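Everything below concerns the one structure shown next.
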Amino acid sequence: MSRRTTRPKRSATAGARTPAITAQSPCPCGLPATYADCCGRLHAGTVAAPTCEALMRSRYAAFVVRDEAYLLRTWHPDTRPPAVDFDPGMRWVRLEILETTDGSAFHSTGTVTFRAHYTDNGRPDLLHEKSRFVRSEGAWVYSTAVFVD
């Protein structure tokens, strides 16, 4: 991600900025808890994701709050990009977990199939993906994905 010395001009269709997520906000991952009691703890590094589904949810929430450090920290070193490029016109709206295979404390791999709903410059869209997770140095990390039609 590059630093800009000037702010880009916002288009009229860019839509509203993502509302600030506070510790007491509902967690963006969709579970019935506050951000502080749910994904915020993982983002802060006070706890690790116990399952690949928990990691998937926390990574989605990290995209919502634009936590690049957490996303990179939870990305497998073999597939991790040098930076995360957040699109200023994109607003993540809702996460649906469709299926989880393996990925518990008793597994070394797992997958999560999900739909992540978003708006792109005000236009609704969705990302339908099957993500693969592996354990690296004892912690769950995102490895690869297959986009589902």
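Counting the sequence shown from 1 gives a position; my numbering is that position plus 8. Every residue, glycine too, gets a C-beta built ideally from N, C-alpha and C. All values derive from a computational prediction rather than experimental measurement.
- Message: Would residue 103 and residue 40 be called neighbours here (beta carbons separated by less than 9 Å)?
- Response: no
- Message: Is it buried or exposed, residue 13, if we count other Cβ atoms within 10 angstroms and call 16 or more buried?
- Response: Any reading at residue 13 must be qualified, since the residue scores a pLDDT of 31, below 50, and its modelled position is unreliable; the value itself is stated next. Per the 10 Å Cβ criterion, exposed.
- May I ask which residues mark the beginning and end of the alpha helix (DSSP H) holding residue 147? No alpha helix (DSSP H) holds residue 147; the beta strand (DSSP E) holding it covers 147–155.
- Message: Pull the bridge partners of residue 135 from the DSSP assignment, please.
- Response: 124
- Query: What does a CB cutoff of less than 7 Å around residue 107 pick up in its chain, not counting 5 residues either side in sequence?
  - Reply: 121
- Message: Distance check for residue 147 and residue 56, CA to CA, integer angstroms please.
- Response: 7 Å
- C-alpha distance - residue 74 paired with residue 28, whole-angstrom precision: 11 Å
- Task: Within its chain, find whatever has a CB closer than 7 Å to the CB of residue 48; leave out the 5 residues flanking it on each side and keep chain order.
- Result: 31
- Query: Helix, strand or coil for residue 114 per DSSP?
  - Reply: coil
- Message: So within the region 43–110, which uninterrupted beta strand (DSSP E) runs reach at least 3 residues, ignoring any that extend past its ends?
- Response: 98–110
- Query: Should residue 62 be labelled buried (16 or more other beta-carbon atoms within 10 Å of its own) or exposed?
  - Reply: buried
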